[in-house]
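Residue numbers (our numbering), protein chains in the order written: chain A, 1 to 468; chain B, 1001 to 1503. Cβ atoms here follow ideal geometry from the backbone N, Cα and C, with glycine treated the same way.
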């Protein structure tokens, strides 16, 4: 206890404020700017404050810079399992109090989520409950292990296994898509499989793992606290100081050094689909990490291919040839490497081979001619509107606090919106063409045929090796 | 155990101190926090007491304003000016419940044809016109109505209104587009049969309302009824059921009522049509349970559990007491049901209950997806928790938590223009007054403990709860038979008999 008090004395003085310059936004985009203040406590905790008085609510949003990426082989799903433990009580917060207390206070957007790259915890509370939210967040940041028990871990392990059953084993195409992802990122790559992990690894997790994980990754030096909404800046700074400044912290942990992976030949996966009733064809490629050159180009192409009825893939597969129920192209941006995916669900009686042929035809068009300037402009207008819409809510997924946190995690600059949107300004038809030719190569993709039993045998076509 | 944790904490603390480099410490400035002269026995003792909440802020409720054009069109506006964004669209008062029994699926097909060509534009041209404005139009077809609209930048509102005017007033109902749309809908019926949650929902509506009731089926129809639908059916449904007296222009966000009325006149002032808003569907009976319905999905690793009965029509005197009772039972994460099934037993990723509000009587539903080999014990806990509302009456503390939580969440639940727009549509579908949210707060505040306990016992009585299970039929049979909840009945899925052939 003495050591703790000494630490409090040592670390508890005023923080150094630092305010990086945000790039000005182009005329017409001023509303996208988010005024904020960022500083770091001596224990390494980053704090981002942004006042928004439109409603008497405040979002408290904590990002720990740890995700599935930081797990050890044989310990998949751990970051997410740990996320569950963070709601189970801490030294000064009795079990089951956190969520119940927040709910009865009128909190909205109350949750925690885990991705490959980070874990976040958030709640939006009536403005008079800000201190309560800070009390709860600081207690689990500083004192989680004091209240950890084997029984709690056992129960949450079961809850998470049910979450996996719900999202993977009993969800249409859940297991099929997991196989495709494992082919893109073969184990022991930390992106292999699902963030939620495998049943085997979940079974193997023990309380010592939880403790080690907490000590390594859940230190203030590896976290960023964002407070966005209707609050008094000076009083809030004092509260942040009170609740967080005495939490001890070591240096910021070093994330693992993982070499980029490459797919060098076409991998074809045949999956006997047991849940869904219609065949799915899915093609995926490894692409540039989030915000790195090529990522925006991939976004634009995904939009041109499948957003709206006039998009290229929808027109050809759904409207003209009537072979698909739906088609979806996405660039899933992640910190280490991203994945560009095209998914198409077949009409009853249509084979996945027929879908593959048509998708290839559309990709060949893009490889030959790129997309039009008009399509690029439409995509940009959509991103502008979407970006603005994300600023409506102070908390929760895709909100103002999430936007600040996202940019902060990936570029260390919470207000990166001008630079982000400028990326799309630089996308040209030629760049899209080059991306389709160089990156979306037939010999660098994973092709998944997920076929229900009633739809005949999965095809054995494909020039590459057969996986599974 | 405690000892080990304490040691761990001490180690952690010491190492944190040791690794903090003095050189990085800021100059000692006692400007901010007061520094104690001598270390207190436990400097962190203040954490033991939760902070006292300050004075609650004034409850900011969403406000809605209404006007009416000469042709009968309702205009509903909720103004929020912070960002240059508007959500705009048309809400139609006729929904899935207005379908004739022989033409199930026609509402969905009919409304979806609106975005398949309008004015002088075909499907693709119409979509491109929206895309040029940065807009993806949304369409929803629900039991009590339908909505078509978009979220748009303020500077593009006029252009979007012009497009919506074409969509609503001048849909082309092109024959070729209809054939394609119909095939797509038939395909959707096959696709949904793969989703355990959809299978559950479909059987549940039939169990709770009766298969012939207007609320007794989900939207989309059956393969048989959709196969038989013609272009004339789709067009007739639209012409017969829609018109300015059965529709509302919804605008929320950076817009005022006078502006909205101007737009309404400009783009919808010439709308003619005799349809009036339909009557609420009749109240179904809530008979005692005689059977447990099983939708077979062999090999499924979880069982989807739905337990419920008809609830209330919106505006019923018991609505707010029952909302509170349902919240205590299963509405919050910290409710009795979830804390039992998820947090205590680990049977499920989560269990919840909700009172669905509709123009007619909506469903009162409890749900969980549970590990297949605990289907019996989990279902038993559902029944025991329902029965427990009588044997362990709702406590003052439980009631206060539900009341405060529901009321205090109002401001945070209305942050977005699309959220406001969805609420405005529901006000219109359910014929509620513009100050509905003020009334909700009063209703939740004024419901007495006695009323809440009375409605809990009356509506959440396990004996009148229908049970639908989706999963492996053999496992379910083995697990559920010992519970004696009624005979086990296998439910035939309407689409399983006819997978429509495609080209």
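- Residue 1346(B) and residue 1338(B) do not touch by the CB rule: their CB atoms are close to 12 Å apart, not below 8 Å.
- Segment contact: the region 92-99 of chain A against the region 161-173 of chain A, fewer than three CB-CB distances shorter than 8 Å; contact not assigned.
- Two segments are said to touch when three or more pairs of C-beta atoms, one from each, lie closer than 8 Å; by this definition the region 356-376 of chain A touches the region 304-312 of chain A.
- Within chain A, no C-beta atom comes less than 9 Å from the C-beta of residue 1330(B); the nearest is roughly 13 Å away.
- Going by C-alpha positions, residue 319(A) is about 18 Å away from residue 1137(B).
- Taken in chain order, the members of the region 1140-1167 of chain B whose beta-carbon sits within less than 9 Å of a beta-carbon on chain A are 1151, 1152, 1153, 1155 and 1156.
- Of all residues in the region 1270-1303 of chain B, the ones placed with a Cβ closer than 7 Å to any Cβ belonging to chain A are 1299, 1300, 1301 and 1302, in chain order.
- Neighbours of residue 1407(B) in chain A, taken as residues at a C-beta separation under 9 Å, are given in chain order as 106.
- When rounded, the separation of the alpha-carbon atoms in residue 315(A) and residue 309(A) is 6 Å.
- For the pair residue 240(A) and residue 134(A), the CB atoms are nearer than the 9 Å cut-off.
- According to the DSSP assignment, residue 1238(B) belongs to the alpha helix (DSSP H) that extends over 1231-1241.
- Residue 109(A) and residue 1412(B) have their C-alpha atoms spaced approximately 8 Å apart.
- Contact check for residue 148(A) against residue 88(A) passes: the beta carbons are separated by less than 9 Å.
- Around the CB of residue 1046(B), fewer than 16 other CB atoms lie within 10 Å, so the residue is classed as exposed.
- With at least 16 other beta carbons inside 10 angstroms of its own, residue 139(A) counts as buried.
- The beta carbon of residue 435(A) sits closer than 7 Å to the beta carbons of 294, 297, 298 and 301 from its chain, once the five residues preceding and following it are set aside; these are given in chain order.
- Per DSSP, the continuous alpha helix (DSSP H) segment holding residue 174(A) begins and ends at 174-184.
- For the set 349(A), 347(A), 346(A) and 328(A), the Cα lying nearest the Cα of residue 340(A) is the one of 328(A).
- Contact residues of the region 1416-1448 of chain B toward chain A are 1416, 1417, 1418 and 1419 (C-beta to C-beta distance below 9 Å).
- Residue 269(A) carries a strand assignment under DSSP once its states are collapsed to helix, strand and coil.
- With a minimum length of 3 residues, the unbroken runs of beta strand (DSSP E) contained wholly in the region 327-357 of chain A fall at 338-346.
- About 6 Å separates the beta carbons of residue 444(A) and residue 285(A), which is inside the 8 Å limit, making them a contact pair.
- Around residue 393(A), the beta-carbon contacts reaching into chain B at under 9 Å are 1412, 1415, 1416 and 1419.
- Note on geometry: alpha-carbon atoms of residue 1200(B) and residue 1259(B) lie some 45 Å from one another.
- In this structure, residue 1420(B) places its C-beta atom within 9 Å of the C-beta atom of residue 1087(B).
- Residue range 119-126 is occupied by the beta strand (DSSP E) that includes residue 121(A).
- If you look at residue 1146(B), you'll find it in the beta strand (DSSP E) that goes 1145-1153.
- Look at the beta carbons and you see the region 1219-1231 of chain B touching the region 1106-1113 of chain B: at least three pairs across the two are nearer than 8 Å.
- Within chain A, the residues whose beta carbon sits less than 7 Å from that of residue 1128(B) are 310, listed in sequence order.
- Excluding its 5 nearest sequence neighbours in each direction, residue 163(A) has C-beta neighbours in its own chain below 8 Å: 196, listed in chain order.
- Contact note: residue 277(A) reaches chain B through 1190, 1191, 1193 and 1194, using a C-beta cutoff of 7 Å and chain order.
- Taking a C-beta cut-off of 9 Å against chain B, the contacting residues of the region 109-139 of chain A are 109, 110, 124, 125, 126, 127, 128, 129, 130, 131, 132, 134, 135, 136, 138 and 139, listed in chain order.
- In this structure, the straight-line span from the alpha carbon of residue 242(A) to that of residue 252(A) is close to 21 Å.
- By the criterion of a C-beta distance shorter than 7 Å, residue 1143(B) is surrounded in its chain by 1095, 1096, 1097, 1215 and 1358, once the five residues flanking it on both sides are discounted.
- Proximity of chain B to residue 194(A) at the Cβ level (cut-off 7 Å) is not reached, the minimal Cβ distance being about 14 Å.
- Any Cβ of chain B closer than 9 Å to the Cβ of residue 163(A) would place that residue at the interface, and such an atom is present.
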